[in-house]
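Mapped onto the numbering used here, the consecutive letters of the sequence shown carry residue numbers 12 to 345.
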Amino acid sequence: MAIGPIDIGGERLAVPVALAPMAGITDRPFRRLAARLGAPYVVSEMVASREMLHLRPLSAIRLRTAGDEALSAVQLAGCEAHWMAEAARRVEDGGARILDINMGCPAKKVTNGYSGSALMRDPDKALSLIEATVNAVTIPVTLKMRLGWDEGSMNAPQIARLAEAAGVRMLVVHGRTRSQFYKGCADWRAVRAVVEAVDIPVLVNGDIVDPVTARRALAQSGAAGVMIGRGTQGAPWLAGQIADDLQEVGPRPSPAGSELRDLVIEHYEGLLSCYGTRIGLRAARKHFGWYLAGRPGGADLRARLVRDDDPQAVIAALGGYAWPAVADDLADAA
Ligand SMILES: Cc1cc2nc3c(=O)[nH]c(=O)nc-3n(C[C@H](O)[C@H](O)[C@H](O)COP(=O)(O)O)c2cc1C
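The following block contains the structure:
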């Protein structure tokens, strides 16, 4: 099953495989790495529209997309049309090529502020926010959402139609309701109702962790492409691998041995240069946990790395570790 290019309001995405926005994970160093490893499309972590207008330094870092090798979008979350429009203009002035609205985040911190997935409970409010955002900018606006608030209100197709009529150019649907948070399984079949409701491209999202699940999600949803989140933790190459598989250009093995070691060090150095040593060291800890999970001596090394405040010592320890010579996926297959 080869997938074809899509058009996002004039931006051509040759292979519709996207790295999902994940706050605290898919920051600029991670997106750059994923893009270098073949992810065709990457989305920034969500930036709260009001927070952004007060130009908090971390928000400014999250927004930077210049130099990304892949087509990239900046994601905004908000609950007031006025702030969304203001923030959208800033995002466009900052050079973003695509702006994504977050209508999927289930976190209480976000839904209590009446943004993220809470907007799906109030289609009129959602629409006013979408219209304000679309009308504020000339770049394409996309929307990411869930199936609905809960099982009794799976209104994603209705929101999708409203969004399309308001000028939204692409949708991403996570096949869960807000009430599910991350429990159960993503319902890719339910995403089909959104695909059939609109003419704009739809990406299916949720529980896609390898080429097999990507193909299954596409077949069940009829979507134009896929978006991959948690599967990329400790595997920034995954979106590239899935893109290759769906283009039928042959499998790209996961990195192993010295290639994997160099990649982990590249990621670490990227975090340090993005955030500075103090915050960079902290940001690296969760990634070390993912890279080393299930590896012989991995837990011990991680425990050592998180105690060490000297970047050179961390790099030396990473360099001295016996990274597996055979990629995990090939080892599994053997
Ligand atoms: C730690 C974490 C942070 C996330 N942050 C965002 C975010 O900033 N914006 C957003 O739209 N979705 C966010 N998501 C949701 C993901 O983009 C994605 O929709 C979800 O994880 C389902 O896809 P997956 O099963 O491939 O992970 C986040 C998810 C996780 C686990």
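Don't be surprised by glycine CBs; every beta carbon is placed ideally from N, CA and C.
Assuming residue i contacts residue j (C-beta within less than 8 Å), just tell me the rounded distance between them.
i, j, result
"P151", "R180", "4 Å"
"V237", "A225", "5 Å"
"E175", "D135", "Between D135 and E175 the Cβ distance is about 16 Å, and since that is not below 8 Å, they are no contact."
"A197", "H185", "7 Å"
"G251", "L44", "Going by Cβ atoms, the distance from G251 to L44 rounds to 10 Å, so no, they are not a contact pair."
"S55", "V85", "5 Å"
"I14", "L229", "7 Å"
"V202", "A234", "6 Å"
"A50", "A81", "5 Å"
Go to residue i, then tell me how far its alpha helix (DSSP H) extends in each direction, as first and last residue.
i, result
"V179", "Looking at the DSSP string, V179 is not in any alpha helix (DSSP H), and its letter there is neither H nor E."
"R203", "W199 to A208"
"G159", "Where G159 is concerned, there is no enclosing alpha helix (DSSP H), although the beta strand (DSSP E) it sits in stretches over V152 to G159."
"R42", "R39 to R47"
"R318", "G309 to R318"
"R23", "Careful: R23 lies outside any alpha helix (DSSP H), inside the beta strand (DSSP E) at E22 to L24."
"E91", "That residue, E91, is in no alpha helix (DSSP H); it is neither H nor E in DSSP."
"V145", "P134 to A147"
Taking just the CA atoms, how far does residue j sit from residue i?
i, j, result
"L282", "R132", "37 Å"
"G268", "R296", "21 Å"
"S128", "L154", "11 Å"
"A167", "A333", "47 Å"
"R241", "A31", "8 Å"
"S265", "L138", "42 Å"
"E259", "A143", "40 Å"
"I326", "T243", "22 Å"
"L274", "R263", "15 Å"
"I141", "E207", "21 Å"
"Q191", "G159", "10 Å"
"P212", "G331", "46 Å"
"L316", "A324", "9 Å"
"N113", "G35", "15 Å"
"A310", "E91", "44 Å"
"D111", "A25", "19 Å"
"E103", "D255", "31 Å"
"T288", "P322", "8 Å"
"A96", "S83", "20 Å"
"D38", "G105", "17 Å"
"R157", "L130", "11 Å"
"D319", "R61", "36 Å"
"L303", "I19", "37 Å"
"A98", "L87", "8 Å"
"L271", "V53", "21 Å"
"S232", "A328", "45 Å"
"V359", "A147", "The displayed coordinates of the chain run from 12 to 345. Any statement about residue 359 would go beyond what the structure contains."
"L214", "W199", "11 Å"
"F41", "H278", "7 Å"
"T149", "G21", "11 Å"
"R101", "G89", "14 Å"
"E276", "G115", "The residue asked about is misnamed: residue 276 is Ile in this sequence, not Glu. Approximately 33 Å between the Cα atoms of the pair."
Following the continuous beta strand (DSSP E) through residue i, name the residue where it begins and the one where it ends.
i, result
"M114", "I109 to M114"
"I326", "First-last for I326: P322 to G331, but that is the alpha helix (DSSP H), not the beta strand (DSSP E)."
"D18", "I17 to I19"
"M57", "Y52 to A59"
"V28", "V28 to L30"
Hey, which unbroken runs of the alpha helix (DSSP H) at 4 residues or more fall wholly within the stretch 217-297?
222-232, 249-258 and 268-286
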